[in-house]
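In order, the protein sequence lines correspond to chains A and B.
If you count by this note's numbering, then the first sequence holds residues 1 to 653, one letter each, in order.
If you count by this note's numbering, then the second sequence holds residues 654 to 1306, one letter each, in order.
Even glycine gets a Cβ: it sits at the ideal position worked out from N, Cα and C.
This report concerns only the one structure given below.
2 protein chains.
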Amino acid sequence: MRKNVWIWNHGDWEIFHITRVNLRREVRMMHYPTMWKVSLPDIIANFEKEVDSDGGYIICHTNGEGNVRIDGKHYPTETKLQLSPGHHNIKIHVSNPGGLPAVFVESDVCPSDESWFCRRFSGELVSVGFEPYYDSADKNPESFPFAYETKLPVAKTEVENGCLFDFGTELFGFLDIAGACADQEICIYYGESKEEALDMERTYVTDRVSGKESYRLKQRAFRYIYITPAVSNLAITAEHEYLPLTKQGSFSCDDKLLNEIYSRCVYTFHLNCREGFLDGIKRDRWVWAGDAYQCGRINRYLFADKAIEQRTLRGLLGKEPIDQHLNTILDYSLIWFISLYEHYITYGDKGFLSRIMPMAEKLLTFCETRLNEDGFLVGAPQDWVFIDWADIDKTGAVCAEQMLLVQAYFVMSEMVKYLGISAAIYEEKYEKLKAKVNAFYWNEEKGAFIDSYQSGKNNVTRHANIFAVMYDIATEEQTKSIVEHVLKNDEIPAITTPYFEGYELDVLAKTGNLSDVEHMITSYWGGMLSAGADTIWEEYDPALSGTEHYAMYGGKFDKSLCHAWGAGPIYLFGRYYLGVYPTAPGFETFRVEPNPGSFETMQGTVPIMGGTVTVDFDRESLRVTATKSGGTLFWKGNSYELIPDKTLTLPRK
Amino acid sequence: MRKNVWIWNHGDWEIFHITRVNLRREVRMMHYPTMWKVSLPDIIANFEKEVDSDGGYIICHTNGEGNVRIDGKHYPTETKLQLSPGHHNIKIHVSNPGGLPAVFVESDVCPSDESWFCRRFSGELVSVGFEPYYDSADKNPESFPFAYETKLPVAKTEVENGCLFDFGTELFGFLDIAGACADQEICIYYGESKEEALDMERTYVTDRVSGKESYRLKQRAFRYIYITPAVSNLAITAEHEYLPLTKQGSFSCDDKLLNEIYSRCVYTFHLNCREGFLDGIKRDRWVWAGDAYQCGRINRYLFADKAIEQRTLRGLLGKEPIDQHLNTILDYSLIWFISLYEHYITYGDKGFLSRIMPMAEKLLTFCETRLNEDGFLVGAPQDWVFIDWADIDKTGAVCAEQMLLVQAYFVMSEMVKYLGISAAIYEEKYEKLKAKVNAFYWNEEKGAFIDSYQSGKNNVTRHANIFAVMYDIATEEQTKSIVEHVLKNDEIPAITTPYFEGYELDVLAKTGNLSDVEHMITSYWGGMLSAGADTIWEEYDPALSGTEHYAMYGGKFDKSLCHAWGAGPIYLFGRYYLGVYPTAPGFETFRVEPNPGSFETMQGTVPIMGGTVTVDFDRESLRVTATKSGGTLFWKGNSYELIPDKTLTLPRK
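What follows is the structure, encoded as structure tokens:
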């Protein structure tokens, strides 16, 4: 039997939920909408189905208001309608301004499912959107299918005139309060750290309630809860809300610290995987294209959850018109294309790619409205040229942006080719821009790409050079020079954010400098753990101590202590140590290029779309098992075809 | 003191309310959303103001959720915030998905008013939108400022097992029911006619309530209410909801029937003037660009309410992207341009014109995606080539559509010139298309424009020829031929709708055939009154009788009995009998070309933007008074400058 599900305009469910997320941020009892445009589903959805039947019935349940048209005649929704034997054309119109117009058709003939069509006004009939979870009339598609688990505090302490509760680990969810006095107002302070919960002036998230004996507060992130005044019978529990995901990838080695880091990265990352990839579970709880790019890479070596990536990509892009960069950030628009490409190569979902490509082209067209007279991408007055929190010379056209645009042209040319469309335009733009970037930005004397050709300062930072190596824009010779003159040059200012550190480590690993990678993970992530981190922080500066670590953006506790972009080691271990990556969409072919670095033993699994690759190093040997065909192992200069389910064992030395 | 008002993104208030209207249609307890795309305000609005002060306070009331930023620091809304002496940058961000994000700033320094700015994301700072009505924090801008009047039924009759109430005349509003039994369900049938209210199966609008002793039902149009079952103490009243408009224009003559027709046109038209121009107050209660075009022309000779025209024009256009014709109808997109032009010429509101012009250009660009290989406008699969309910040969490119496109190019060229922008592109397109229309569609043998050049049928209908004369596309010679071979040719099928009859009468009057105009008004509108119409019907066929008049679109009572487009005589009397019209934007200059037709006496007033023109014919003389300068009277081949407030008296003969 076909599954009966709620249906909607393809892509609108994703946009609805990502927008809800982006409008849900709060800080010190203020609402904090995004500074960028968010989108909503189409206000009216039109569904259609041709049916041949011997008779039967339909009942249309709608999320919104509308009617049913059978062979041109209108009927009400929520009513059992009999179909006469024969051919029928069924149309359902639903409006829902601000919500998600959707329909669930109960029927013995044509239950709503993926075989239904929708039409966006003057557009063509296309397949509907749906999610298997919403398989009964009473499941509201505006309610996201999270999983829940009740958590009890592990400790309760009276502190001054209040009670401090500790849940033992960071979580996200509803706080349930019982035993309050209806005539007494209570104040609730949420803390990722104990100090944050207790600092009633500067706590990031707070609440205040009165008038009842029990409360369920809205979903928030916390480990500590401080409630004032002290109420003797007050009891709290938390309804932890999370996305039910299954770990598909794993990694372990003989270094306990690194195993611990990996495990905290997993916990941190999972908390931030929700409707889409969030940047941090306390703050911002927004979906940012740059953060999401790193999250996609991490996800592919852990949960390999295609759906969250597609929700994120769609939600970021939103709806037409595109008249602003994603998150207002130039580089984030460009990174979106690269994310889409890496997503496609991993999962090979051509349906998704072909659906989203027309909007991708519109985003690129929008970006090209920002080209300067030399053909380089620049920021318009309201655009944010971000790249990183770093002293980059941002005079005129910034080199790192051009690197991303070069790669955007490359991935667009690849993607349209996969869809059977000529890539000539993108290939030409790619070649032309790449040559121009070399001509305008490569500085032979410095042996590196400079930030700006317009300022005359010839300033070199790591950023553009990292992108140049990451995306193979630098020649082999240039790459060597960049490693020497930039990456391993202490005079070039160090990267300060885990965001860009993720890219730097990628490039160090790609160029074979695994010992630098391990050193950085041990010192930076390890240092964070030593400083008390249970989950990975948004930023870490070894020079700070105590609660100084919790400050950021001018707020004493405004740093996110559970930030997705800190989970980069998951990707690095999978991509460069286990060494598994696709070479054709959907892992139809893939490579395994393992490298144990300095580890004596190392084991792990990488999901490869309907299969896994397991890599296992002990002190003597390497064992590799792939459960599906298409794999090639590269080891010690030789290549080996991987036979499904046959473990290939080779000497380690 | 400056007025303190709610502010929003310019244009969003109009779009919010017109969309609400378009989603409010109901039929036999079904919701009936439009088949065309509707728009909503931007989800997030950003307001901004630079302030220099000696100190003071602000309290930000928001319609939606958000925060206030003073000099970069965030503060909550709904809270009194003190400003230190000096310069401050104030930003307010409000989100409201599905609603109208707006803010009301209470302040002794910078109360929200027209001096505030808003920014649509990456756009420039522009003036906010506001309406003087919303001048206190407790007035919700999502609630439209209608006026209300309690109406009592004039008669109550027991009919079978129910009660029939008659309110004496059609009205629109809330029905209040008192004296019901909570445990008894009652059914309510709304009728524009008594027969409709009593026909429980086929009544267009019905309701069903239970569980309370009194009810306020939602706003609907009706004259009759039938309630079943009969409940002895049941009492009903109606809260009539209407737009408070002042009559600025008037017309009367010695023909009582025509005065009566004029008066019913006024009542009919006023009922349909609400958030925008509705087509009919019972059905569809939608805003259609074609109907609205006629309404604009009528309005200018009656209420001269600029605001309702601007709300209608904006609401019809909606938001980007434009990927569908207005109301799905090719001709309605084109008519929108012409409406905008005639609106501008009347009121001369350059601010409005310059705000809406970028979107107008996008609509034209969209239209041009529908040009065929000969450069003529055709319908794509989901487009509706309407023109009129008539047998037009719609093979390929339809002539009447090209006439409208020619005029659209003309009005666009005029409008951009008024804004100081070069019109060369539009002028060239205008000349080119006009020449091509003549070459492809003018049939010398028929002495008329044919419907289609592609079918080979050389079919002639009135429609394209009427447009050709109305918009001066036909030469003088062609016009003469059209009057003879089309308009006065009984072999050419007659117009059947008051919609197109409005255009035909315009052209007959323009070509000096006032006796035909009077004959048509007397027979068609007069016939409707004889058939029992209190308000003007959507359509009238003298061949029908009794309740046959109430049927349409396959429904026994589906005809609208109070339809705006039937009010055309108001325009005809003002434009061609009183003869007043602007010759420069905002009536800076204007003409008075009165013509009493066959009337022995005729009086009337036409509003002319801050003034009036009064025309008064008795049997001997013509008296014309204008209250402002710029007017020229044309009478009996002579022209006379009109001196403000000086009555010019001339012999009638």
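Inter-residue CB distance, residue i and residue j (contact presumed, cutoff 8 Å)
i: Ile-1261 (chain B); j: Val-1233 (chain B); result: 7 Å
i: Thr-881 (chain B); j: Ile-839 (chain B); result: 7 Å
i: Asp-113 (chain A); j: Asn-4 (chain A); result: 6 Å
i: Tyr-441 (chain A); j: Cys-399 (chain A); result: 5 Å
i: Pro-754 (chain B); j: Asn-716 (chain B); result: 7 Å
i: His-746 (chain B); j: Pro-33 (chain A); result: 5 Å
i: Trp-389 (chain A); j: Thr-497 (chain A); result: 6 Å
i: Phe-410 (chain A); j: Trp-689 (chain B); result: About 40 Å separates the two Cβ atoms, so there is no contact after all.
i: Met-1123 (chain B); j: Tyr-1156 (chain B); result: 6 Å
C-alpha gap between residue i and residue j, whole angstroms
i: Trp-565 (chain A); j: Asn-638 (chain A); result: 35 Å
i: His-996 (chain B); j: Pro-738 (chain B); result: 46 Å
i: Glu-928 (chain B); j: Lys-972 (chain B); result: 18 Å
i: Asp-791 (chain B); j: Ser-760 (chain B); result: 15 Å
i: Val-762 (chain B); j: Val-721 (chain B); result: 15 Å
i: Tyr-279 (chain A); j: Lys-1082 (chain B); result: Residue 279 (chain A) is actually Asp in this sequence, not Tyr. Taking the straight line joining both Cα atoms gives about 52 Å.
i: Phe-1329 (chain B); j: Asp-984 (chain B); result: Because chain B is modelled from 654 through 1306, residue 1329 (chain B) falls outside the range shown and cannot be assessed.
i: Phe-174 (chain A); j: Gln-310 (chain A); result: 27 Å
i: Gly-512 (chain A); j: Ile-261 (chain A); result: 22 Å
i: Arg-300 (chain A); j: Thr-346 (chain A); result: 8 Å
i: His-923 (chain B); j: Leu-896 (chain B); result: 8 Å
i: Gly-1250 (chain B); j: Leu-955 (chain B); result: 20 Å
i: Ala-72 (chain A); j: Asn-89 (chain A); result: Sequence inspection shows Gly at residue 72 (chain A); the Ala mentioned does not correspond to that position. Approximately 8 Å, taken between the alpha carbons.
i: Asp-349 (chain A); j: Leu-1030 (chain B); result: 39 Å
i: His-670 (chain B); j: Pro-321 (chain A); result: 22 Å
i: Glu-1144 (chain B); j: Thr-1018 (chain B); result: 39 Å
i: Ile-1174 (chain B); j: Phe-930 (chain B); result: 23 Å
i: Gln-872 (chain B); j: Glu-849 (chain B); result: 18 Å
For residue i, the three-state DSSP class (helix, strand or coil)
i: Met-200 (chain A); result: coil
i: Pro-974 (chain B); result: coil
i: Ile-44 (chain A); result: strand
i: Cys-906 (chain B); result: strand
i: Glu-1253 (chain B); result: coil
i: Ser-1314 (chain B); result: In the structure as shown, chain B starts at 654 and stops at 1306, and residue 1314 (chain B) therefore has no counterpart that could be examined.
i: Thr-589 (chain A); result: coil
i: Leu-778 (chain B); result: strand
i: Ala-448 (chain A); result: strand
The alpha helix (DSSP H) enclosing residue i, as first and last residue numbers
i: Ser-992 (chain B); result: 983-1000
i: Lys-417 (chain A); result: 399-418
i: Ser-84 (chain A); result: No alpha helix (DSSP H) holds Ser-84 (chain A); DSSP gives it neither H nor E.
i: His-463 (chain A); result: 462-470
i: Leu-898 (chain B); result: Note, Leu-898 (chain B): premise wrong, no alpha helix (DSSP H); not H, not E.
Segment limits, beta strand (DSSP E) that includes residue i
i: Thr-730 (chain B); result: Taken as a continuous stretch (DSSP letters only), Thr-730 (chain B) belongs to no beta strand (DSSP E), as it is neither H nor E.
i: Phe-167 (chain A); result: 162-178
i: Phe-117 (chain A); result: 117-119
i: Asp-1269 (chain B); result: 1265-1270
i: Val-758 (chain B); result: 755-760
i: Ile-712 (chain B); result: 709-716
i: Asn-638 (chain A); result: 638-641
Taking beta-carbon pairs under 7 Å, can you tell me which members of the region 995-1018 of chain B lie near chain A? Within the region 995-1018 of chain B, no residue qualifies.
Within 9 Å of chain D by C-beta, residues of the region 849-882 of chain B in sequence order: The chain labelled as chain D is not found among the protein chains of the depicted structure, namely A and B.
Name, going along the chain, the residues of the region 706-738 of chain B whose beta-carbon falls closer than 8 Å to a beta-carbon of chain A. Glu-718, Gly-719, Asn-720, His-727, Tyr-728, Pro-729, Thr-730
Using a Cβ-Cβ cutoff of 9 Å, what residues of the region 765-783 of chain B are near chain A? List them in chain order. Arg-772, Arg-773, Phe-774, Ser-775, Gly-776, Glu-777
Contact set between the region 973-985 of chain B and chain A, restricted to residues whose Cβ is under 9 Å from the partner: Glu-973, Pro-974, Asp-976, Gln-977, His-978, Thr-981
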